[in-house]
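The sequence shown begins at 1 in my numbering and counts up by one.
Where is the CB? At the ideal position from N, CA and C, for every residue including glycine.
Keep in mind it's a predicted model, so treat the numbers as computed, not measured.
These notes concern the structure reproduced below.
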Amino acid sequence: YIAVIRDYEIHRTVVYYLAEIGAGELSFGDENHCEARWEPYEAAWELLTETSPEQLPALDAAQGFLRET
Numbered sequence: 001y002i003a004v005i006r007d008y009e010i011h012r013t014v015v016y017y018l019a020e021i022g023a024g025e026l027s028f029g030d031e032n033h034c035e036a037r038w039e040p041y042e043a044a045w046e047l048l049t050e051t052s053p054e055q056l057p058a059l060d061a062a063q064g065f066l067r068e069t
């Protein structure tokens, strides 16, 4: 999607990785990414509410999928 920040169009891609993880260290591979966060659903929802509310339906759908499985 495209976000407009300070009159600049910024093309953003948001990828959700759905996972249940245990304790321990987590790391990413060599993919091209500029920012990554691991958050519980509630924290992710609050973060997106402030920064990208248009992404909330995708997050809600992902949470619904996890509850069904």
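Of all alpha-carbon atoms in Arg-12, Glu-42 and Thr-51, the one lying nearest the alpha-carbon of Ala-62 is that of Glu-42. Between Val-4 and Ser-52, the CB-CB gap reaches or exceeds 8 angstroms.
Beta bridge pairing from DSSP links Glu-9 with Val-4. A distance below 7 angstroms between beta-carbons, with the five flanking residues on each side excluded, links Ala-58 to the following residues of its chain, in chain order: Tyr-16.
In the displayed model, Pro-57 falls within a helix according to three-state DSSP.
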